Each structure stands twice: as C-alpha cells, then as structure tokens.
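Read through the structure below, which is laid out as structure tokens, and then see the notes.
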Amino acid sequence: MVLEAKKSSILYCGIHSDLGLEALDSSQAASEGEYFQELVVNATQKYKQNSGDSIELACIGNRLIALFSSPETLEDNVWTAVQTAVEMRLRLAEYNEVRRSVGRPAIKTGIGINSDCIFSEGASSDRTINFAAIGDGANLASHLEEASKIYGVDIAIGDNVYNSCADRIWVRGLDFIKVKEKTEPVKIYELLGIKKGYGDLGADLTAEQKAIVEAYKKGRELYYNRQFLEALAQFAQVLAIDNGNKAAALHMDRCNHFLMEPPGYDWDGVWKLASKW
C-alpha cells in the first residue's frame, strides 16, 4: 500500500444509539442496516456530483468514514464535507420520523469533521470504496466524532474547518480541548447549520438557537475569566431553554467543581478530552 499526503477533509459518522436490530429477524435487520447505509451514501453522492471532489467511503463497525479530496483547493473539499454532514443530518431526521411512525426507536448519530494533511490510499467506484487514511488529521476527526457524543451535539468541527467556511455556517463555540495525539489545544464548535444564501440547505437560526448561542458564549467567557458563579447563571439560562443541552450541563459541573476546588494559577481553561477534572 502506497500512501499519498493530500490536503483533505475527513468525516466520521458514528451511531450513538441502539438500532434495535435484535428485535428483528435477520432479513429485516439486514434490510434496515442497508437502508441506513444507503441514506448516508446518497448524501455524499449528492455533493460528489455537484463539486467534482473525490469522495472515498468506508464503513467500520458502527462508523462510516468519508474522505474528501478536492482537485482544486482545501477550502473546496471542506465545504463539500460540511454540506454533506448537514444533508446527512436532514435525511436522518426524515428517516427517524418514518421509524417513529411504525414504533421503531430513533437513530442518534454524531459526526466529526476535520481538514488537514492526511495520508491516504484508495481506489474507488461510485458506490463501493475501500481506502486507508492515517495521520493526526484523521485522528482528530475521530476525536471530534467522540466529542459530539460527550457534548451532545449532532456535528462537531475543528478550527481548520471553521476557518475555511466561517462566513457560510452557523456555529456554537463548544470548548477548547486537548487530545492525546496533539500537543496544541484545539477549539471545537457545534455546526448548527448553513447560512441562508449558501446552497439549498441554508437557513436562519431560530430565536431559540440564537438565545442558546449567546448565553453559552457569555458563560464561556466568564468561565475563562474564572468567574464561575456568574458563568453558572449563563449556562443555567441555556438549560432553561433546552433542558437537554449536554454541553451547558458539563460546564455547570465544571463550574461547581472549580467553586469548591479553584484551579491553579497556571490553569488555561483547556480541557483534556479524556479527563474528568
């Protein structure tokens, strides 16, 4: 296998809920699994056809991995990856409505996207693709998918993705984290959506989303300034709007901890992804 360094974007999509396949017979379970995979593949194909990007796919366990490599610029394949993720979320929401209507549990997924120099090798057809992708860039995308579950968001992105298309997307700045493979901390964001005017998926944020983003942002600023009591009030505002907001609940736990045990003088607010405190 010969690996080639490419400026690419990589998307990890993990299933974070029980599909309930055990209750089905083997043919039904296989059919449902295939339908979900087809749903995801169709989302990637839509933007492959429109962009001209090379998109390579692999399915490993409960994860689907997509590698986007553009013949033009890194910004092109980042944008293709972002649109694909939002399309996947939309199609999954529609599929979950069908599942609920027949008494099946909704499928919960989490997506992580990163762009970087990624070492990859692959050969593809339109529908079936096998490839290898390694390096810090691929590892960070995997960590972002894991972070989507920890913070309770649908899509988590890193700095590189955000900086490439900040003017076209709605985000909430989630945290500043450190993962074991990287020495430098990474700022992570929740991808809320695409702004109106940028493709068929563009839309404005709802009033509720805007209020959550604003209160969470204020809470984060106070948190970094060690004003933990004041930060608690802002995160409580988020939970008053959305009582299932896991990211706000996590920050409230941290604030309560630091009120009891203040951090050291060298505390920089960076969170080690695998740590409790």
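Just so it is clear: in the sequence shown, position 226 is 226 by the working numbering, and no numbers are missing.
The C-beta atom is built at its ideal place from N, Cα and C for all residues, glycine as well.
Being a predicted model, the structure only gives us computed values, none of them experimental.
Strand pairing of residue i, partner residues [DSSP]
i	result
Ser9	Phe68 and Ser115
Lys178	Lys272
Glu56	Leu67
Gly193	Trp170
Gly158	Ile188
Residue i (DSSP reduced to helix, strand or coil)
i	result
Ser125	Here the model assigns Ser125 a pLDDT of 46, short of 50, so the residue's position is not dependable, and the following value carries that caveat. Coil.
Trp79	helix
Leu205	coil
Ala106	coil
Gly14	strand
Gly219	helix
Asp253	helix
Tyr265	coil
Phe131	For Phe131, the pLDDT reaches just 49, beneath the cut-off of 50, and the residue's location in the model is therefore unreliable, leaving the point undetermined.
Arg226	coil
Tyr95	helix
Val41	helix
Val284	There is simply no residue 284 to check, as the chain begins at 1 and stops at 277 in what is shown.
Thr183	coil
Val153	coil
Tyr198	coil
Ser101	helix
Asn243	coil
Asn62	coil
Reference residue i, options the options, closest by Cα
i	options	result
Ile177	Ser164, Ile150 and Leu201	Ile150
Arg254	Cys165, Glu230 and Glu184	Glu230
Ser17	Glu261, Lys108, Ile212 and Asp200	Lys108
Glu184	Glu190, Leu140 and Ala66	Leu140
Tyr58	Lys272, Arg100 and Cys13	Note that residue 58 is Ala in the sequence shown, not Tyr. The candidate whose alpha carbon is nearest that of Ala58 is Cys13.
Ile15	Gln227, Ser115 and Ser148	Ser148
Ala215	Ile241, Lys46 and Gln227	Ile241
Asp200	His251, Lys46, Val238 and Lys217	Lys46
His251	Leu232, Gln237 and Pro105	Leu232
Leu280	Glu56, Met88, Phe68 and Val102	The structure shown has nothing for residue 280, since the chain only spans 1 to 277.
Asp76	Leu239, Trp170, Ser115 and Lys217	Ser115
Gly197	Ala249, Asp175 and Trp170	Trp170
Cα-Cα separation between residue i and residue j, rounded to whole angstroms
i	j	result
Gly110	Leu144	9 Å
Arg63	Ser142	10 Å
Ile113	Asn256	31 Å
Gln83	Glu261	43 Å
Ile60	Glu221	39 Å
Val86	Ile10	14 Å
Glu190	Lys7	23 Å
Ala207	Gly193	14 Å
Ala203	Gly264	43 Å
Thr128	Leu205	Residue placement at Thr128 cannot be trusted, given a pLDDT of 43 that sits under 50; what the coordinates show is reported in the next sentence. For Thr128 and Leu205, the distance between alpha carbons rounds to 36 Å.
Val161	Ile212	22 Å
Leu90	Asp266	43 Å
Asp44	Leu259	Strictly speaking, residue 44 in this sequence is Thr, with Asp absent from that position. So the two alpha carbons sit approximately 46 Å from each other.
Gln237	Leu273	25 Å
Tyr35	Phe228	47 Å
Ser124	Ile155	For Ser124, the predicted structure reports a pLDDT of 47, less than 50, and the residue's modelled location is therefore unreliable. The matter cannot be settled from this model.
Asp175	Lys217	10 Å
Leu239	Arg226	21 Å
Phe68	Ser101	35 Å
Glu146	Ala249	17 Å
Gln37	Gly103	21 Å
Beta-carbon proximity of residue i to residue j, cut-off 9 Å
i	j	result
Tyr224	Gly269	yes
Gly219	Gln234	yes
Asp167	Lys210	no
Lys187	Asp159	yes
Cys165	Val98	no
Ala93	Val153	no
Asn96	Ala106	yes
Any non-hydrogen atom of the ligand MG within 8 Å of residue i CB
i	result
Met260	This structure does not include the ligand MG; it has no bound ligands of any sort.
9 Å Cβ cutoff, residue i in contact with chain B
i	result
Asn96	Of the protein chains in the structure, only one exists, and it is not chain B.
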